[in-house]
Each structure stands twice: as structure tokens, then as C-alpha cells.
Amino acid sequence: MPDETDTQIPTETHARPRTPSSNLREDGSRTSGSRTRPSVWGPRLVMAGIVLAALNLRPAITSLGALLEEARVGLHMSGSVAGVLTSVPPLCFAVFGIAAPRLARRFGPGAVVCAGMAAIATGLAVRPFADATPAFLAASALALMGIAVSNVLMPVIVKRHFPDRIGSMTGLYSMALALGTSLAAAATVPMTQALGGSWRAGLGIWAGLAAVAVLPWLGLIRDRTPDAGPHGSEGARHGSGAGRHGSESPRRTDEAAERAAAAPRVIRSRTAWALAGFFGLQATGAYITMGWMPQIFRDAGVSAGTAGLLLAVTMVMGVPLAFVIPRLAARMRHQGPIVVALGLCGLSGYLGLVLAPAAGAWAWALLLGVANCAFPLALTMIGMRARTGAGVVRLSAFAQSVGYLISIPGPIVVGALYQHSGGWGLPLALMAGLTLPQMAVGVLAGRDRTVEDEC
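Numbering (my numbering), first residue to last: 2 to 456.
As C-alpha cells, then:
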């Protein structure tokens, strides 16, 4: 996107001839002769930051899922309290995610994501030393706060720096996210055993990966172009034209700024509400899977190590599919068929866990892994259902915050049903039933329209 300070037309009569160095960068901003190096390394730095950030957006959750039984016993938690613990991620994502647009306008998206990565590293480093459930929850909330703001800003950063590659960059981001998720699920138990069997050490090891993710974002802290603000890219474009249109430019700039500030009010958009519902229902399934799936298999007679591997298989399915599905979705006018296909996979996986949890464990893990790819699909639709940077940041904050609020009761209800029924039949029947409204609202969200048109 063009920077306000870089798009002015020279007024000197002796201006030097235009050189190739004045071409557009890959992220859409213009460069001058003194900025040729950022034009080469800028997109690469952003891409590295996106990948490293994505790798750290789920280990705080899946590492705990793999050791939930040990942590529950060590902290003297009941099944209902453990259900509350598995609901902390969506609660934090809803509460802190809604603040991401305002923070991005104030400090710049790069600085906010950098602070988010630092919060993840700090929370994961402190959490193993907690001796009581409240302290454990507080340290977890700190890490999840960093994840929340990064969750919301990732689609914005992709839209802004790679506007012509939304599908492929969302796929890369989603693939890295799935890789980090599956890595934590598969490696946490073996690393815990290698570190002497302490579940605290097994959880704390992931703070190192988060610390590495801070580094590329340090170079993007000063990146405060106005795409993340309320006026979005349109405001930047009209603002940069002030020197071109003489006395008419202030009026045009004010009118454009007013239009950008007033629209889109996504709360009035049916597509935004449908997308929030789809995001919330897929998040409900994802966090129940990440928090409870190992326990489901362990209660069926599967060993702890194998249960962790099964969760890893579920998560690793997102590595190839999270790259393919966004690219496919970006080429389709209506994403409803993908929504239905993923929902049917989830429905089959939940029913399989009810009927034969141990005998068909690997098949159910694969099916649920495919179903979890509704997350990158939702991110892709966020980028496609708005035309401007301002629209994307508002839609992303709205859909994710409302969606995570919708997902909060799910893990709590599952934990309560598990404790009071003594089995997994009722919780899994509930999850199977929720795939039906997920498909319905997903089809509505996948229609070819934008929130700007509806608002």
C-alpha cells in the first residue's frame, strides 16, 4: 500500500530522471533511491515474522492438552475446573482480540505483534512455576493475550503487505500455525520424559520458541503506515493526493476520511455475523479437540504418548491442507462447498469417536484434522469479504472476537458433561450436532459479497 510520505510528486524543475528504484515494493509501498534495500528485504522480513509468529500461536494450548491430566492432578483441579482451563484461550482471544485494532492504530501493527510475541514468551516461561490454579491461569492468560492480538492482526498484515497473494500467504501462515500446533502436541510428552518427567519442564520449554519469534518483529516496530487505522488504505491514498489536486484536495481528503471512518460498520452486515458464527463454531470444535482429545483416547485405553501422537496427527493435517484450502477458496466465488466438505469430515470423526474410539483412532484423528482446516478457510474469507484494509481489520476483530465469545461455553460444557456422565458419549454427541449449524452459517459467510456493500 502506498505510504503517505512516499507518493508525493516532485515539484522541482530539475528533478532527476525516474529510476527503477522508484517502483513499487512487493507490499505495495513505493521506494526511493535510498530505500532499495527495504524493497528487497522488507517483504522477506515480514514473511519471516508471519511464519515465526504463526508457529507460536498454538503451542501454549496443545502442549497443555498433551499434559492436561498431569497438570490437573498437580494443581488439584476437578474435571469442571479443567474444562474452565480449556475455555481460557477463547475467552482471552475474545477479550483481548477486540483491542487489537485500537492498539494497531496507536502503536502500529508490527509493534503490537512484537509485544504479543514477548507476552507469549513471558507467559510460557512463568507458567511452569505456578503452584496454584489462579497463578497458572494468570500466566496462561498473559501468553494468550499475546496470541489474541496476533490472531486478529495476521489477516491485516497479510492483506496489507501481500494484497495480490492473500490466498497463498494465508496458506503459508496457516501451514506454519498447523506445524507449530502439531509439533507441540507430538513433542511435549517425549520432551517431558527426557527432562525427568516433570510436566512443568515440558510446558516451559516452549518459551524458547516464542522468544525467537520476537526477533523479526523488532525490525517492524516503526512500521506505522495508516492501513491499520480507521481510515485504511483509502484514507492513505486520498491523503497522499493532497499535493496533486490543489484547493480541492482538502475537501476530497475530508470526505474520503469521513467515508472510511463511517464504513464499514460490520455490526450491520449479515455476512459479518455469519462469518463470526462460522468462526465461533469451528473454534469450539478446535479447542475442544486440542484440550480434550488426548484425554478421550487415554480413557479409551490408549497410552499417553500415543494419545499425544494422535493429537499431533490431527494438527499436522493442517500443514498441507492449510496451504491448499486458502488458495482454492481464493479462486472460488462461493466457498460454501468447502465449508460443507469440512463439516462432514468433522461429523464423521465425532461419530467415530463415539462408536469405536480406540479401534479407529487414527482414522478419526485424520478426519478431525481435515475438519480443523475450517480455521484457515475462515481467515481467507475474512480477507475476501472486505475490500479495504480498514474493512479487513474491522471484520477480523469483529469475527474473531464474537466468534471466540461463541466458543467459550463449549469446552466448559464438555468438561461438565464428562464429569457428570462419566463418559464421552454425551460430549461427543454435542460436538457432532454443532457441525450442522457450522455448515449452515459457513455457507452464508461464503457468499460472494463484501461487508462494505452490505453496510
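Glycine included, C-beta positions come from ideal geometry on N, C-alpha and C.
Taking 7 Å as the cut-off, is the CB of residue i close to at least one heavy atom of the ligand MN?
{"i": "F399", "result": "Among the components of this structure there are no ligands whatsoever, and the ligand MN is therefore not found."}
For residue i, I'd like the list of residues in its chain whose CB is within less than 6 Å of its CB, leaving aside the five on either flank, ordered along the chain.
{"i": "H246", "result": "Unreliable placement is indicated for H246, whose pLDDT of 41 sits below 50; the coordinate value is still reported in the next sentence. Excluding residues within five positions, none has a Cβ falling inside 6 Å."}
{"i": "E256", "result": "Low confidence applies here, because E256 scores a pLDDT of 47, under 50, leaving its location unreliable; read the following figure in that light. Within the same chain, E256 has no close Cβ partners at all."}
{"i": "L437", "result": "none"}
{"i": "L406", "result": "A95"}
{"i": "R332", "result": "none"}
{"i": "G124", "result": "A140, L143, A144"}
{"i": "A301", "result": "P358, A359"}
{"i": "T12", "result": "In this prediction, T12 has a pLDDT of 39, which is less than 50 and means its spatial position is unreliable; what the coordinates show is noted afterwards. Nothing meets the Cβ criterion."}
{"i": "N24", "result": "Any answer about N24 is weak, because its pLDDT of 43 lies below 50 and its placement is not dependable; what the coordinates show is given next. Once the five neighbours on either side are set aside, N24 has no close Cβ partner at all."}
In the DSSP assignment, find the unbroken alpha helix (DSSP H) run with residue i in it and report its ends.
{"i": "P377", "result": "375-385"}
{"i": "D454", "result": "452-455"}
{"i": "M318", "result": "Careful: M318 lies outside any alpha helix (DSSP H) and carries neither H nor E."}
{"i": "H421", "result": "410-422"}
{"i": "L431", "result": "426-446"}
{"i": "Q194", "result": "167-195"}
{"i": "P110", "result": "110-127"}
{"i": "N152", "result": "134-162"}
{"i": "A208", "result": "208-219"}
{"i": "T63", "result": "60-67"}
{"i": "T285", "result": "271-300"}
{"i": "A364", "result": "362-372"}
{"i": "P338", "result": "337-356"}
{"i": "G198", "result": "Note, G198: premise wrong, no alpha helix (DSSP H); not H, not E."}
So, under 8 Å CB-CB, residue i and residue j are touching, yes? Tell me the CB distance rounded to an integer number of Å.
{"i": "L418", "j": "P428", "result": "5 Å"}
{"i": "R386", "j": "L276", "result": "6 Å"}
{"i": "G286", "j": "L435", "result": "7 Å"}
{"i": "G404", "j": "G281", "result": "4 Å"}
{"i": "G98", "j": "Q401", "result": "5 Å"}
{"i": "G319", "j": "S141", "result": "Not confirmed; about 23 Å, so no contact."}
{"i": "G347", "j": "A372", "result": "3 Å"}
{"i": "L86", "j": "P295", "result": "Between P295 and L86 the Cβ distance is about 14 Å, and since that is not below 8 Å, they are no contact."}
{"i": "T189", "j": "A366", "result": "Not quite, the Cβ-Cβ distance comes to about 16 Å (not below 8 Å), so this is no contact."}
{"i": "G168", "j": "R328", "result": "4 Å"}
{"i": "A105", "j": "V394", "result": "7 Å"}
Let's test the definition: count the other Cβ atoms within 10 Å of the Cβ of residue i and tell me whether it reaches 16, buried, or not, exposed.
{"i": "V159", "result": "buried"}
{"i": "H335", "result": "exposed"}
{"i": "M170", "result": "buried"}
{"i": "W363", "result": "exposed"}
{"i": "R107", "result": "exposed"}
{"i": "P217", "result": "buried"}
{"i": "M155", "result": "buried"}
{"i": "H421", "result": "exposed"}
{"i": "Q194", "result": "exposed"}
{"i": "G172", "result": "buried"}
{"i": "R38", "result": "Reliability of the predicted coordinates at R38 is poor, the pLDDT of 40 falling under 50, and no value is obtained from them."}
{"i": "S79", "result": "exposed"}
{"i": "P91", "result": "buried"}
{"i": "A262", "result": "For A262, the predicted structure reports a pLDDT of 45, less than 50, and the residue's modelled location is therefore unreliable. A value from the coordinates is still provided. By the neighbour-count rule (16 or more Cβ atoms within 10 Å), A262 is not buried but exposed."}
{"i": "G416", "result": "buried"}
{"i": "P102", "result": "buried"}
{"i": "G50", "result": "buried"}
{"i": "T20", "result": "Interpretation of T20 is limited by its pLDDT of 41, a score under 50 that renders its predicted location unreliable; no figure is taken from the coordinates."}
So, at 8 Å on beta carbons, what are the nonlocal neighbours of residue i in its own chain, with the 5 sequence-adjacent residues on each side left out?
{"i": "L196", "result": "A202, G203, I206"}
{"i": "E249", "result": "Only weak support is given to the placement of E249: the predicted model assigns it a pLDDT of 42, under 50, and the value that follows is read from those uncertain coordinates. Nothing listed; no residue qualifies."}
{"i": "Y288", "result": "I62, T87, S88, P90, P91, S408, G411, P412"}
{"i": "T290", "result": "L312, T315, L369, N373"}
{"i": "R448", "result": "T272, H335, G337"}
Short of 7 Å in beta carbon distance, which residues of its chain neighbour residue i, apart from the five on each side in sequence? Order them along the chain.
{"i": "I326", "result": "I339, C374, P377, L378"}
{"i": "V452", "result": "P265, V267, S270, T272, A273, R386, A387, G392, L396"}
{"i": "G111", "result": "W218, L221, I222, D224"}
{"i": "L53", "result": "V213, A214, P217"}
{"i": "A83", "result": "L69, R73, G416"}
{"i": "Q283", "result": "A375, F376, A379, Q439"}
{"i": "E71", "result": "W200"}
{"i": "M192", "result": "G203, I206"}
{"i": "I121", "result": "N57, A61, A144, G147, I148, A211"}
Please confirm whether residue i has its beta-carbon closer than 8 Å to some beta-carbon of chain D.
{"i": "A61", "result": "Absent from the structure is chain D; it holds one protein chain and no more."}
Meets three-Cβ-pair contact criterion under 8 Å: the segment 308-315 and the segment 181-195: yes
Counting Cβ pairs, one atom from each stretch, are 3 or more of them under 8 Å apart for the segment 147-164 and the segment 53-71? Flag = yes, the segment 147-164 and the segment 53-71 touch.
Within 8 Å, do at least three Cβ pairs link the segment 124-136 to the segment 358-370? no
Take every Cβ of the segment 375-383, pair it with every Cβ of the segment 65-77, and state whether three or more of those distances are shorter than 8 Å. no
With three or more beta-carbon pairs closer than 8 Å as the criterion, would you say the segment 435-452 touches the segment 338-348? Using a Cβ-Cβ distance cut-off of 8 Å, the segment 435-452 and the segment 338-348 are in contact, since at least three pairs of beta carbons, one from each stretch, lie closer than that value.
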